[in-house]
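Take a look at the structure set out below.
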Amino acid sequence: MQGLSTKRLARSAGLLYLIVVVSGIFALMYVPSQLRIGSDPAAAMASIIANEGLFRAGIAASLVCYVAFLLLPLALYQLLSPYGRGTATVMLALAVASVPLSFANVGHRLEVLNLVSGADYLRGIAPDALAQQVMLSLKAYSKGMILNQVFWALWLWPFGYLVFKSGILPRFLGILLMVGSAGYAVEAFGYVLHAGFAALPGADLLSIPASLGEIGTCLWLCIMGAREPVHSVDAYNNGVKTARN
1 MQGLSTKRLA
11 RSAGLLYLIV
21 VVSGIFALMY
31 VPSQLRIGSD
41 PAAAMASIIA
51 NEGLFRAGIA
61 ASLVCYVAFL
71 LLPLALYQLL
81 SPYGRGTATV
91 MLALAVASVP
101 LSFANVGHRL
111 EVLNLVSGAD
121 YLRGIAPDAL
131 AQQVMLSLKA
141 YSKGMILNQV
151 FWALWLWPFG
161 YLVFKSGILP
171 RFLGILLMVG
181 SAGYAVEAFG
191 YVLHAGFAAL
201 PGADLLSIPA
211 SLGEIGTCLW
221 LCIMGAREPV
231 HSVDAYNNGV
241 KTARN
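Positions 1 to 245 (UniProt numbering) are the ones given, in order, by the sequence shown.
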């Protein structure tokens, strides 16, 4: 009965993870690839106006992603806390702490919508100045994502550790998540410390382990659920107590 409950909980976490992954890919990858915003403020503003519906859909997808991500660590905590309550608490706290920052960062995109709305209160602003303000808001959003990335790095490490330690998911997924955590951290600090970091060889590869680990974990939870650990939870906890004594 406990195994059935664990599988149900795992699939619930998998469904939440799937919402995070799909909405995140749409908002963070598909929408920017279609808008193709470069360094020209006027062209950026024109692209957003021409594709306003897509831009709005990207904002909506971001909101869905962050709501699901608020619930995801709660499900993962229930699933993984028997294998390390302290570590699971750290994972939960770091993941949840990132959500208000993520919502606040979406505010920059909402600001862009105001700037391209053509409202009466914008008529006194020169078109070039308006386009530059749009670009500033877009750049502020991009820089805000770096702060988000720091928290992605922080929460993925305890998550990956628990996946590896528990054995209820394939351990290689836990390794990918921990390597991905390091990759996110290097990438975030690289962007802060080096202005031309994005152009460095291999910079675009740093997020691949995290992507593989998260998508792989999502699919495993959705399709397979959580498998039975080699040792029961009680045996695991007794082993921890024995080791401490």
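Using N, Cα and C, we set each Cβ at its ideal position, and we do this for glycine too. Quick caveat: nothing in here was measured; it's all calculated off a predicted structure.
What did DSSP end up calling residue i once you bin it into helix, strand or coil?
i           : result
A195        : coil
R171        : helix
D40         : coil
residue 315 : Any property of residue 315 remains undetermined from this structure, which presents the chain solely from 1 to 245.
P201        : coil
S207        : coil
M224        : coil
Can you find the residues in the same chain that come closer than 6 angstroms, C-beta to C-beta, to residue i, ignoring five residues on each side of it along the sequence?
i    : result
G38  : none
P158 : T87, V90, M91
Flag this pair as yes or no: are the beta carbons of residue i and residue j separated by less than 7 angstroms?
i    : j    : result
N114 : G144 : no
L162 : T87  : yes
V99  : V134 : no
L173 : G213 : yes
A50  : S23  : no
G183 : S211 : no
M45  : A126 : no
G180 : L156 : yes
Leaving out five residues on either side along the sequence, give the residues of the same chain with a beta carbon under 8 angstroms from the beta carbon of residue i.
i  : result
L9 : A75, Q78, L79, A226
Kindly list the residues whose CB is nearer than 7 angstroms to the CB of residue i, restricted to its own chain and excluding five residues on each side of it in sequence; keep chain order.
i    : result
S102 : Y66, N148
L70  : V96, V99
For residue i, count neighbouring C-beta atoms within 10 Å of its own C-beta (all shown protein chains included) and say buried if the count is 16 or more, exposed if not.
i           : result
R171        : exposed
Y17         : buried
residue 260 : The shown model of the chain, from 1 to 245, leaves out residue 260, and the question about it has no answer.
Y83         : buried
R85         : exposed
L110        : exposed
G58         : buried
I19         : buried
What distance in whole Å lies between the Cβ atoms of residue j and residue i, which are believed to be in contact at a cut-off of 8 angstroms?
i    : j    : result
A185 : A153 : 4 angstroms
L221 : F151 : Not confirmed; about 21 angstroms, so no contact.
L35  : I48  : 7 angstroms
F55  : V31  : 7 angstroms
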